[in-house]
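In terms of our numbering, the sequence shown opens at residue 2 and continues consecutively.
Positions of the beta carbon are idealized from the N, C-alpha and C atoms, including for glycine.
Quick caveat, the model's predicted, so the values are computed rather than measured.
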Amino acid sequence: MGALTAFDVDALVANHQLDVYFETGTGEGVSLRHALRTKFDKYYTVDIDKDLLERTMHSVGSGTINVNWVWGTSTEAIQTILPTLPNACRVLWYLDAHFPGADFRKISYEESIRQFKEVAFPLEDELRLICSKRNASNDVFILDDFVLY
Numbered sequence: 002m003g004a005l006t007a008f009d010v011d012a013l014v015a016n017h018q019l020d021v022y023f024e025t026g027t028g029e030g031v032s033l034r035h036a037l038r039t040k041f042d043k044y045y046t047v048d049i050d051k052d053l054l055e056r057t058m059h060s061v062g063s064g065t066i067n068v069n070w071v072w073g074t075s076t077e078a079i080q081t082i083l084p085t086l087p088n089a090c091r092v093l094w095y096l097d098a099h100f101p102g103a104d105f106r107k108i109s110y111e112e113s114i115r116q117f118k119e120v121a122f123p124l125e126d127e128l129r130l131i132c133s134k135r136n137a138s139n140d141v142f143i144l145d146d147f148v149l150y
């Protein structure tokens, strides 16, 4: 479990003229809070754990401007939201969805894999969806915990 805090988001936005922040795996909102320090036109954060998402929404502020809170699997959210993103916008994709429930000690990692099956490791499906439905050549991708794959 990493965090976006390891990256200079201001520099990424300046160097790549990024408009939208899209993260999978909201967790406790550490990465979202870091992204909110940088000006994006829109922010999307997705989590499969409704309780965790709601708790984080309340701690960050449910009325935070331009933050779209999405409950569901990362692939469902990407399929739904991707068509609404203009081709001209540039997206910072922070892909951090994996092991639902385990990183926050609700269940074990083994139970997460048994219970959620392919949703426990959605990175390949996330990338396939994004790249098949948009020209992502101007987008920036940060793949958290890539070593797991």
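For residue 69, the enclosing beta strand (DSSP E) has its first and last residue at 68-72. 9 Å or more divides the Cβ of residue 54 from the Cβ of residue 65.
The beta carbon of residue 20 sits closer than 8 Å to those of 41, 42, 43, 90, 91 and 92, all from its chain and outside the five residues before and after it, given in chain order. Take residue 134, set aside five residues on each side of it, and the residues of its chain with a beta-carbon closer than 7 Å to its own are 83, in chain order.
In this structure, DSSP gives residue 40 a state outside helix and strand, which the three-state scheme calls coil. Going by DSSP, residue 24 is part of the beta strand (DSSP E) stretching over 21-25.
With respect to the C-alpha of residue 15, the residue from 39, 129 and 145 having the closest C-alpha is 39.
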